[in-house]
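Just remember that my numbering sits 152 ahead of the position in the sequence shown, which is counted from 1. We treat Cβ as the ideally placed atom computed from N, Cα and C, and that holds for glycine. As structure tokens, the structure follows; a few thoughts come after it.
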Amino acid sequence: MMGEQLAKLCKAQVGSGYVWGGLGYTLTEGRLAQLKSLYPNHYTTAYVAKCRTLIGKKVYDCVGLVKHFLWGNAGDGVLRYYATRGIPDTTANGMLALCTETGNIGSLPEMEGLLVHQDGHVGVYVGNGRVVEARGIDHGVVETDLSERGWRQWGKLPGVMYVPPAPSQPEEIRLEDLISRLRAEGIKKIIL
153 MMGEQLAKLC
163 KAQVGSGYVW
173 GGLGYTLTEG
183 RLAQLKSLYP
193 NHYTTAYVAK
203 CRTLIGKKVY
213 DCVGLVKHFL
223 WGNAGDGVLR
233 YYATRGIPDT
243 TANGMLALCT
253 ETGNIGSLPE
263 MEGLLVHQDG
273 HVGVYVGNGR
283 VVEARGIDHG
293 VVETDLSERG
303 WRQWGKLPGV
313 MYVPPAPSQP
323 EEIRLEDLIS
333 RLRAEGIKKI
343 IL
């Protein structure tokens, strides 16, 4: 999978719901009961009530959004789970540890599909200073500004190929215009 493809797939999920343990399936009462039994401390009465408003909707948690696509779910209708394509089931912090290259958020390269991380939470960089993240039960899957959410690190996800940004093209300028600019800056002698 290419980084641009991952970014596009994640952007298409904006508006989906968030539940703890969500992996991109449509939430049903049966699935909600299963999640409640798996995570009893998280699925309080109030939390379950919020989850019920998402019945019939696709749901993710933050790392579930990433795993959903890394495991090979790309719209063919077959849902794949748990360590397919060599990607283990892991947490948000564990996903950062799986990355093939990481860095401080200040060194984030302009490449779509990179993982962005803060302790206990991840999102996917979609370019131009934007991130798609499964933000929480009250927000769902949203697109946010990179600078507004406290991201600390970035990483290249396993199984994702990244294309470095194309170098910027040098400015084309006619020789006569260059000489005029240099003279305007006080350069008196130009040796060609």
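Bridge partners of residue i, per DSSP?
i: residue 295; result: 284
i: residue 224; result: Paired residues: none, contrary to the question.
i: residue 242; result: None; residue 242 has no bridge partner.
i: residue 193; result: None, per the DSSP bridge assignment.
On the three-state DSSP scale, how would you describe residue i?
i: residue 165; result: coil
i: residue 217; result: helix
i: residue 300; result: helix
i: residue 206; result: coil
i: residue 308; result: strand
i: residue 275; result: strand
Determine the burial state of residue i: buried for a count of at least 16 other Cβ atoms within 10 Å of its Cβ, exposed for fewer.
i: residue 286; result: buried
i: residue 215; result: buried
i: residue 191; result: exposed
i: residue 345; result: Outside the displayed span of the chain (153 to 344) sits residue 345, for which this structure offers no information.
For residue i and residue j, I'd like the C-alpha separation in whole angstroms.
i: residue 294; j: residue 213; result: 12 Å
i: residue 165; j: residue 324; result: 41 Å
i: residue 207; j: residue 173; result: 15 Å
i: residue 253; j: residue 327; result: 43 Å
i: residue 195; j: residue 297; result: 29 Å
i: residue 256; j: residue 284; result: 19 Å
i: residue 187; j: residue 180; result: 10 Å
i: residue 263; j: residue 242; result: 24 Å
Checking contacts by CB at 8 Å: is residue i closer than that to chain C?
i: residue 284; result: Structure shown: chain C not included; a single protein chain is present.
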